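The numbering of the sequence shown is the working numbering, which starts it at -18 and goes up by one.
Note that the Cβ used here is the ideal one computed from N, Cα and C, for glycine as well.
Note that the coordinates shown come from a computational prediction; the quantities given were computed from them, not determined experimentally.
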Amino acid sequence: MSQPISLTDSELQAVMNACRPLHPRDRDRFLKAVAQVIAALPEVGPGSVHRAITSVWRMHYDPPDLRTGESRSRAY
-18 MSQPISLTDS ELQAVMNACR PLHPRDRDRF LKAVAQVIAA LPEVGPGSVH
32 RAITSVWRMH YDPPDLRTGE SRSRAY
C-alpha cells in the first residue's frame, strides 16, 4: 500500500473494535488486510468499510474451542 487511506473517526473505531477479539499475534495481519481491501474500494463509506471488515475478519478469527477454552491453531 503506497498511499494512506482516509477514514472517519467512526470508521477507524469500527476497524479497531473488530480487531479486539482477535489474538494479539493476528491483529497486525488483520489490520494490513483491511487496509488493503479499503484502499482497493472505488468509494469509501461506512457501509463499504463494514463489508471490508467482515470479509477480512472471517479469514482471521480463530474461535476458541469451548470444550478446552483454547484457540485452535491455524497454519499460515
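Heavy atom of the ligand SAH within 7 Å of residue i beta-carbon
{"i": "A20", "result": "The ligand SAH is absent from the structure shown, which contains no ligand whatsoever."}
Local conformation of residue i per DSSP, three classes
{"i": "M23", "result": "Residue 23 is actually Pro in this sequence, not Met. P23 falls in the coil class under three-state DSSP."}
{"i": "T45", "result": "A quick correction: the sequence has Pro, not Thr, at residue 45. In the structure shown, P45 sits in a strand (DSSP, three-state: E or B)."}
{"i": "P5", "result": "helix"}
{"i": "Q(-16)", "result": "coil"}
{"i": "T(-11)", "result": "coil"}
Beta-carbon proximity check, residue i vs residue j, cutoff 8 Å
{"i": "A(-5)", "j": "W38", "result": "no"}
{"i": "F11", "j": "L22", "result": "no"}
{"i": "A16", "j": "I(-14)", "result": "yes"}
Residue closest to residue i, alpha-carbon to alpha-carbon, out of the options
{"i": "L(-12)", "options": "R8, R48, G26, R1", "result": "G26"}
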